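Residue numbers (the numbering used here), protein chains in the order written: chain A, 355 to 600; chain B, 10 to 751; chain C, 29 to 509. Step one of this worksheet: look at the structure below.
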Amino acid sequence: MATVTDLNISEVKLSEEYVGKWGMFINQDVCTGCQACVAACSMENNIAFVGPEDAGYGRTMNWIRIERFWDGEYPEIKMTSRQPMMCQQCGHAPCEPVCPAFATVHSQAQQLNLQVYNRCVGTRYCANNCPYQVRSFNWRDYKRPEPLPNQFNPDVTVRQRGVMEKCTFCIQRIHQAEDKARSEGREVADGEFTTACAQVCPADAITFGRVDNPESLVSQLTKQYEGLKHLPELGTLSNVSYFKGG
Amino acid sequence: MSKNFSRRDFLKLAGVGATTTAILTGCGPASRYVKREPYMQMPEYTYNGQSTYYATTCRECAAGCGLVVRTMQGRAIKTEGNANHPLNLGKTCARGQATLHGLYNPNRVRGPIKHTRGERLYAFDEDPFNGDFPDVAANLSWDDATQVIADALTKYKPNEIAFLMGAAPDHLFDFVTDFTSATGLNAPIRFGALSMFEARATLSKAAENLFGETGLPFFDIGGAEIVLSFGANFLETWLSPLPYTRGFTGLREGKTKQRGYFVQFESRMSQTGGKADEWIPIRPGTEALVALALGRLAFERRGGALPRAFADVNPKEAAEKAGVEFETLERLAVLFADKAGALAIPGGAALGQSNGLEVAEAVLALNAIPDNFGKRGGVYLSALAPTETEYHRPASPKEMEEFTAKLASGEIKALFVHGVNPLFELPKALNFKAALDKVEQVISFATFPDETAVEADYIFPDHHGLESWGYQRVFTGSAQAILSGAQPVVSPFYDTRATVDLLLAAAQLVGGKFAGAVPFKDEVEFIQSKTAPLKNEANGFFSAVDLPTFNASFQQYGGWWKTESAFGAPNTEDVLNRDFDGAEPEFNGEGEFYLVPFVSPTLAEAGANKPWLQELADPTTTVMWSTWVEINPETAEELHIDNEDVVKIISEFGAVEAAVYKYPAIRPDTIAMPFGQGHTAYGRYAEGRGANPADLFSAEYNQAGDILFGGLKVKIEKTGKKLAIPRLESMMGVYGEGLGEE
Amino acid sequence: MAEKNKSQAAHAHDDQHTQEHFREKHLMLDPLPRGQMNDMVMEAMTSKPTWKYWLTVIILGSIVLYGLGYSWYRLIVEGLGIAGVNRPSYWGIFLVNTVFWIGISHAGTFISAILRVFKAEFRRPFTRIAELMTTFGLVQAGFSIFMHMGRAWLSYWLMPYPNERLLWPNFHSPLSWDLLAITTYLLSSTMYLFLPLIPDLAMARDKSTGWRKTFYRILAIGFRGTEGEWTHLRHAMNIFAYAIIPVMFSVHTIVSWDFAAATRPGWNSTIYGPYFIIGALHSGMGAAAVVLAVVRGTMKNMTYFIRGEHFDAIGKLMLIISMGWAYFYFNDYIVQWYGGDKWTKALLHFHEAGPLGWMWLSMLIVNIAIPWAVLWNSKWRSNPWIISIVGILINVGMWFERYLIVPVSLSINRMPFTWRLYIPAVEVYLSLGTLALFILFYVIASKLIPFIPVWEVQEGQLAHKLSKFGRETVVTVSELE
Ligand code: SF4
Ligand code: SF4
Ligand code: SF4
């Protein structure tokens, strides 16, 4: 496996075999829909709560949501497998080219889709163009009265009104682990750290890791469960694989 | 959870954990508190830009999960599960995550307050998202507070003083127990709405009846191959949700066996039921019957003499009464009989019926067919915590009624309330408010301005759980005996004081037998006196050469647990050798609908003041920030009720209003409502939001003393009002509403 | 002899009658001396404003102050939460208005440039009024687009300007193309408005006193009307007339790419470019008819310049454009439907049968059925009332069309869990604000800018004459330009 450090920035590959690609495997069969990941992500990433009116009007800020549908009619009715949806960190992300300000860009090192809050002018084009509808927009300056801001994670920017945001794969954690590994002269080990949602998930439905490394847990689970991507027909090369289960 | 931990396992696990646990030594009061310091004079263990991690115990419910809290410059930033902790293995539930919104909640009791009953503890108007809602300022010093308690202890006779406490924390309970027993005060009584809705008294009574031992059964879902659950909501707030959720993953993902099958019998699809492979909406009240019928059919399949327990039931009739196809029962019985790891779990509203005890016993008895008692994938007796000799369950509602009667009779003159909010958590029918009015002096130790604090004469706020020392005994969920340790991860944010310290100081002030009863310098010393014996116990997962090292390690690792399994195998000789009458329970009330109240999986009993918990979508309905009532869409159509119509739900004991959610997975003769909202105090995010279904309950109990929350029939009336209930889901995309006809 | 005389007289009378008839009908055949026309235009412009005028200004002004001033201020200070946008309808009426106003601005250039290039004579009196529409409409479009931005105060980041961080806008983004296209269009259409205005400004300068004199002197940039100046001017106008046509086509094509380049069901359509252009012309023509009718009805001496023939001509264009629009609409619809994509189908169904199905239906009625039913008849076409009502209806219909394309189509996407309706809030005030500002611009301009290009009218009148071929009276035009 090539290392992050010997990645040549000028090298452009149009395949899934990017080096340094982080990804996820989500086992919907065990996801219980308990919302712990939503809470964890919100705490880790300083996500604002919006209150009932905005929440009921489709303005929730959470970066990950659990979808559930219904299958059948009473009494033969079932909930479909709960489906956690966060940014799929597309390899060819539809949200990127449409931003006129370069506020959402691709990171070469992590193969992630970045959102540069400072640069965002709020055209919301990216959110329209995200086929997974996972972007959240700061419709207002949502209030977090004192002393709630004491809890803010200092590694994550607090966003202003008018700025787009979305799941970052907890990039602050990735950076931390990479920095640590680099300072110790080694590679980041599989499972050395994980994202907030994967870390908290009581059912272990979310697995995070390097998908370019066939040895990693996430690659192996994806293979074992024949993980599928959402909307593959769009060619987004998303980094999150799902197993629906029964 | 049948897996045992060797020390090597533990080390391996510690390696994969994402966090490191920093040592916080436990010697000397100077280092007992983490201080918020200015940048210029940082404590030596705090570096600029570096996080410090502390292990402690979650106090959002009584399960006792281990947490590792990331702090930075004296602020708590993030809670994670303690990866070493055998109960939750590095995971938490949503409430554990949001505990920081309790710590830094904008409405807390900020210091000792003398207060007129009924007066507000913070300003409030309709819109909690704008404007200020200042808390009432402290108007006493802690010396005054100590004096007040000391006065109460001397003024009243020992039997006129009572302690009402929550299910957590255990160290305080132990302290008060020691204190009261040495001084002749009334023994403390504990209560929690979660245990009421779990019908924990019924479950443990059933286990006692069947196995002859007291103890809470533990169901090893992870090792099973087929699980029949009769309303047990084990993926939600039930008993200890994390190990059960992990068990569920084991059921589905088992590496050595095929994917386990899960069947849920309940009249309203719960979050847990939503994960079932088969969800069977049986008529409320027929749970015991169905269990017995399944038992009989399974037994017949296996062959051999029919045991007494299943002899009297007629499966066909049972199926008809329950409203399920007989073929379904037959098929499930075959599955249950043939699979090696079959498991049946009782729980939920079925236990809160007049025949709840029989339901619990009948379902537990099913486990005798595969004879899974004490085996992998079966039923165990929960491991007792290391400092515990017997399973202490919180008071049942019946016991609470007796306690309330004592208050109402004026027998109790001084009441100390800690860790529980009876004015919200106890059903209105118990009339706790009237009883409280009879008590001369009510002293609350509430951290938050809750309903009970509003009715107290004094509020001497305890620290938030993350600012506190303590320990919690893990009462179920792990094979290992666990004492989960708590330490402050940040210094107290407000002028609060540990209740143990306060009581100690008061006892000193009174002197005499009170001072002698608890001869401790402070809370930490008391805790260490309790944990010290563990140092010499065998099989602890860490060993220490001396007591200070032991104490330090206890804090550092977040508790102490054994490396070997302490699950009890129930004594099962008599399980099937008993009669069940299979009679249907009596339902209270005239209405045409069965009422299924359930605990909101995200809010539970005390989550409503945490804004991020309020904004989490309910796992079944995706509703946020409100209360709703679930009605089958067809029933709703018949009644000309639509989504978001406000209806009045009327039982014989009360009425509440809530907006309708047309829920496709509920029996047409049943309606359901979540418990968790309906606060009249408890901070800006909780107050004035939704309704409390417990207002509908009657003060009637089953044989085990659990209230008949599952045994109500209610009427519904239209009010003509509409109320938007915010949902995350799309009504168009999920229900096709507003998309136009096909 | 008598017979002959009689017949001659009759013939002469007949002749006179025909000529009279032609004169009444056609401005070009009803020449007046240049000076008189100048005076008429000057009078219309400089006559003392009536109280009605001031009332209009005050009402429009307050709507602008509230709608554009106060509401936009709130939008900036409080955030877009006070608007109706949400997930998934991240774009709302703002973008509807942007597309709408760009559409309106199209007709201006269309009338003036295309008709000039093709030498459509009926254009002469109202090129100015139409060109103003382009500029005024584009201003509203610009406002709408900036209003919609989450951080409008940083909108200059979309401009490619040199900076020490070497940050550039993203030229992959259709929005960047948009910005460039609209700016180009605004600049060139302003130039194109200004060039033919110069002779009239010079005329106004010569005929006015006081502040007006100064005002027009500055604007007329020293135009004296020498042969050399005219030659240059004609040259410049010619170049602009040809150059602005592709710009105009590209602008709306690029606006359509905002949608067509996105990966959304319903938007991702290859025909959007021409479809948007014809849509723009549709609404623009309608708007032009309305503006003309209003100008004719409210300003002095305008009944001479603007006549039934003009409405008649515009009506014909409207009819043809309506047919074109219908073709493109159904082409788009059928191709999308035939494509059979699950989400697109859901979206089409949502358009027709969803909660805004009435909007879809009324769009078809007012954009197709009504023009087709009414505009066949030349009598009705020539009636300013009828034509302006049809014009208004078409604009409502076209606004509906954009509303269906933007927020309604955004409601449906590939993640049904997020489908949601859009309910406009403060956007309504903002929209009214832009509309009021557009009208206010006209109201103010009517007192400052000569609305009729007298020189152009006169040029036409000189070129037209009635000739007789045998017994027939025929209009002939001599080549001038
Ligand atoms: S999922 Fe959406 S936001 Fe994330 S990279 Fe893909 S298009 Fe962008
Ligand atoms: S990866 Fe991180 S940012 Fe993304 S959903 Fe999970 S917790 Fe949130
Ligand atoms: S289950 Fe209880 S103790 Fe465990 S994390 Fe959740 S609230 Fe905390």
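Note that the Cβ used here is the ideal one computed from N, Cα and C, for glycine as well. Predicted, not measured: the structure shown is a model, and the values here were computed from it.
How is the alpha helix (DSSP H) around residue i delimited, first residue to last?
i, result
"B:P324", "P324 to A331"
"B:L768", "Any question about residue 768 of chain B goes unanswered here, given that chain B covers just 10 to 751."
"B:M682", "Per DSSP, B:M682 belongs to no alpha helix (DSSP H); it is in the beta strand (DSSP E), T679 to F684."
"A:V572", "L571 to Q578"
"A:A409", "P406 to G410"
Check whether chain B comes within 8 Å of residue i, counting only Cβ atoms and requiring the distance to be less than that.
i, result
"C:T517", "This structure does not reach residue 517 of chain C, given that chain C is present from 29 up to 509, and the question cannot be answered."
"C:F378", "yes"
"A:G539", "no"
"C:P444", "yes"
"A:G563", "no"
"A:R536", "no"
What does residue i reach in chain C if we use C-beta pairs closer than 7 Å?
i, result
"A:D495", "G107"
May I ask which residues mark the beginning and end of the beta strand (DSSP E) holding residue i?
i, result
"B:A495", "I491 to A495"
"A:Y596", "V594 to F597"
"A:N467", "L466 to Q469"
"B:E434", "Unbroken run through B:E434 is the alpha helix (DSSP H), P431 to E434; no beta strand (DSSP E)."
Check the Cβ-Cβ distances between residue i and every residue of chain C, and say whether any is below 8 Å.
i, result
"A:L582", "no"
"A:L588", "yes"
"A:L466", "no"
"A:V452", "yes"
Please confirm whether residue i has its beta-carbon closer than 8 Å to some beta-carbon of chain A.
i, result
"B:A733", "yes"
"B:C36", "Since pLDDT at B:C36 reaches only 34, below the 50 mark, its modelled position is unreliable, and no value is offered."
"B:N641", "yes"
"B:E46", "Legend: pLDDT at B:E46 = 49, less than 50; position of this residue unreliable, value from coordinates given subsequently. No, B:E46 lies away from the interface with chain A (no Cβ there is under 8 Å from its Cβ)."
"C:R102", "no"
"C:S204", "yes"
When every heavy atom of ligand 3 is checked, does at least one fall within less than 7 Å of the C-beta of residue i?
i, result
"B:P143", "no"
"B:T101", "yes"
"B:E434", "no"
"B:P250", "yes"
For residue i, is the beta carbon positioned less than 7 Å from some heavy atom of ligand 2?
i, result
"A:T549", "yes"
"A:W417", "yes"
"A:A394", "yes"
Give me the chain A residues within the contact set of residue i, using Cβ-Cβ distance strictly less than 8 Å, ordered along the chain.
i, result
"C:G178", "C474, V475, G476, T477, R478, F491, N492, R515, G516, V517 and M518"
"B:A671", "Note that residue 671 of chain B corresponds to Lys in the displayed sequence, not to Ala. Here the premise fails: no neighbours, minimum Cβ distance about 11 Å."
"B:W247", "Here the premise fails: no neighbours, minimum Cβ distance about 12 Å."
My understanding is that residue i touches residue j, with C-beta atoms under 8 Å, so please give their C-beta distance in whole angstroms.
i, j, result
"B:G474", "B:R736", "With 8 Å as the limit, B:G474 and B:R736 do not qualify as a contact, their Cβ atoms being about 31 Å apart."
"C:G136", "C:F466", "Incorrect: roughly 12 Å between the Cβ atoms, too far for contact."
"B:T61", "B:T80", "5 Å"
"A:Y471", "A:V517", "5 Å"
How would you list, in chain order, the residues of chain C whose beta-carbon sits under 8 Å from the beta-carbon of residue i?
i, result
"B:E334", "None at all; the shortest Cβ gap to chain C is about 32 Å."
"B:G742", "M443, P444, F445, T446 and W447"
How about residue i: is its Cβ closer than 7 Å to a heavy atom in ligand 1?
i, result
"B:C74", "no"
"B:K619", "no"
"A:Y486", "yes"
Against residue i, what residues of chain A qualify as contacts under a CB-to-CB distance less than 7 Å, listed in chain order?
i, result
"B:S635", "P406"
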